[in-house]
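As structure tokens, the structure follows; a few thoughts come after it.
Residue numbers (my numbering): 19 to 125.
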């Protein structure tokens with residue numbers, strides 16, 4: 019969001035395009051997998067607890083999504099409703115087909 023805010027106010031951005039891609043690996047992400055990998059590489063449960071105490075929901079943050087169009091809609095809505103994004107900024111969402119390059123607008 020910080021980069022978008024800077025782009026709006028410093029670079030004059032008037033339209034934001036959220037572009038996801040088909041066959042996204044994030045569709046299969048799982049917090050349980052990441053937790054196991056982090057512990058295996060030396061991140062302690064104490065560190066993870068400290069992050070949680072800072073109001074960061076690691077489960078939600080690292081959990082993937084199953085529905086790419088819905089994920090795009092949620093991201094577009096998050097940007098549109100952010101209190102620092104002016105209401106006249108156009109925010110649209112798309113999915114690009116990883117194989118054909120076809121761009122589909124998500125409404």
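For glycine and all other residues, C-beta sits at the position ideal for the given N, C-alpha and C.
Outcome for residue i when other beta-carbon atoms lying within 10 angstroms are tallied against a minimum of 16
i: residue 48; result: exposed
Whether residue i touches residue j by CB criterion (8 Å)
i: residue 114; j: residue 41; result: no
i: residue 108; j: residue 26; result: no
Rounded straight-line distance, which links the Cα of residue j to that of residue i
i: residue 59; j: residue 30; result: 42 Å
i: residue 76; j: residue 67; result: 10 Å
i: residue 57; j: residue 90; result: 31 Å
i: residue 53; j: residue 73; result: 17 Å
i: residue 46; j: residue 84; result: 7 Å
Spatially closest choice to residue i from the options, by CA coordinates
i: residue 86; options: 55, 34, 124, 101; result: 124
i: residue 35; options: 99, 93, 117, 71; result: 93
i: residue 110; options: 78, 22, 33, 46; result: 33
i: residue 81; options: 50, 118, 120; result: 50
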